[in-house]
Amino acid sequence: MKHFLYTITRWILNIVFFKIFHLHVEGRENIPVKGAVIVAPNHKSNWDPPLIGVAFSNRVVHYMAKEELFKNPIAAWILTMFGTFPVKRGSGDGSAVMRAVRELRKGYPVGIFPEGTRIKREGLGRFHSGMASIAMIEGTDILPVAVVGSLNMPHPKKHPAVLIGKIIHVEKQKPTKESIQALNEKVKSAIEQLMTDYNA
């Protein structure tokens with residue numbers, strides 16, 4: 002029953018995003034066919050998780066999402082069905098971090114927004130330490146993703162796009178302030194390059 006509901010929900014979302022909003026997707030060939038990976042997108046609006054969800058047609062991305070989204074029981078049901086789990090923002094939610102680690106160890110893609118919150122302006126915001134720390138502790142590769150055009154959805158002339166970059170390999174290691182900053186900069190540069198190439 003759950004699989005049937007998931008299939009129907011995904012079919013509806015495909016119609017909404019591809020047929021109505023004209024979602025454009027690039028880089029699907031960069032998505033690993035199997036195994037754990039951290040999906041690291043920029044964050045402009047609440048449209049971002051479902052946009053990325055339909056763009057990843059062959060994998061289900063398990064997201065950390067702000068706990069406020071789970072207050073609506075219908076939204077909570079849909080989010081949970083798609084593998085999304087709540088995180089308390091600004092409090093260093095250890096249970097959410099452990100949940101992310103467990104999902105990775107099961108071999109799932111886990112979506113973590115490095116900016117931690119929506120950035121409602123041009124460009125990227127400051128990257129927090131969580132995404133890079135988890136990647137290094139687990140030795141999990143990172144898949145940079147750029148979401149373009151979600152801030153003003155729906156827009157009659159500007160269509161959204163999900164741009165999937167190449168894998169950034171991460172060695173298992175103890176995170177330090179310097180290594181976290183270096184990895185964050187590498188991911189940030191990859192996302193910025195995706196946006197630059199798309200807008201060129």
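So the number in our numbering is just where the residue sits in the sequence shown, counting from 1, plus 1.
Using N, Cα and C, we set each Cβ at its ideal position, and we do this for glycine too.
Nothing here was measured: the structure is a model prediction, and the numbers come from that model.
Review point. Nearest CA to the CA of Pro157: which residue from Trp12, Leu6, Tyr7 and Leu24?
Key: Ranked by Cα distance from Pro157, the options Trp12, Leu6, Tyr7 and Leu24 are led by Leu24.
Point to revise | Same chain, Cβ closer than 8 Å to Glu116, neighbours up to 5 away in sequence not counted | key: Excluding sequence neighbours, Glu116 sits near Asn43, His44, Leu125, Gly126, Arg127, Phe128 and His129.
Review point. Are the region 50-69 and the region 177-193 in contact at 8 Å, needing three or more beta carbon pairs?
Key: Flag = no, the region 50-69 and the region 177-193 do not touch.
Check your understanding: My guess is that Met65 and Ala97 are in contact by the Cβ rule of under 8 Å, so how many angstroms apart are they, rounded?
Key -> Contact between Met65 and Ala97 is confirmed by a C-beta separation of about 6 Å, below the 8 Å threshold.
Check your understanding: Can you give the Cα-Cα distance for Ile79 and Ala41, rounded to whole angstroms?
Key -> About 21 Å.
Practice item. Kindly indicate the opening and closing residues of the alpha helix (DSSP H) around Gly54. Key: Its alpha helix (DSSP H) spans residues Asp49 to Ala56.
Check your understanding: Can you list, in chain order, the residues of its chain whose CB lies under 8 Å from that of Asn153, leaving out five sequence neighbours each side?
Key -> Around Asn153: Lys159.
Exercise for review: Sort out for me which residues DSSP pairs Met65 with in a bridge.
Suggested key: Met65 pairs with Phe86.
**Study point:** Boundaries (first-last residue) of the beta strand (DSSP E) holding Val98
**Key:** Careful: Val98 lies outside any beta strand (DSSP E), inside the alpha helix (DSSP H) at Gly95 to Arg106.
Review point. What number of angstroms, rounded off, separates the C-alpha of Gly108 from the C-alpha of Ala77?
Key: Taking the straight line from one Cα to the other gives about 23 Å.
Check your understanding: Using DSSP with H/G/I as helix, E/B as strand and the rest coil, what is Ile120?
Key -> For Ile120, the secondary structure class from DSSP, reduced to helix, strand or coil, is coil.
Point to revise | Cα-Cα separation, Val149 to Leu164 | key: The straight-line gap from Cα to Cα measures roughly 8 Å.
Exercise for review: Taking His63 and Pro33 to be in contact with their CB atoms under 8 Å, please state how far apart those CB atoms are, rounded to whole angstroms.
Suggested key: At roughly 14 Å, the Cβ-Cβ gap does not stay under 8 Å, so His63 and Pro33 are not in contact.
**Study point:** Whole-number beta carbon distance between Val88 and Glu68, since they are thought to touch under 8 Å
**Key:** With a Cβ gap of about 7 Å, Glu68 and Val88 count as contacting.
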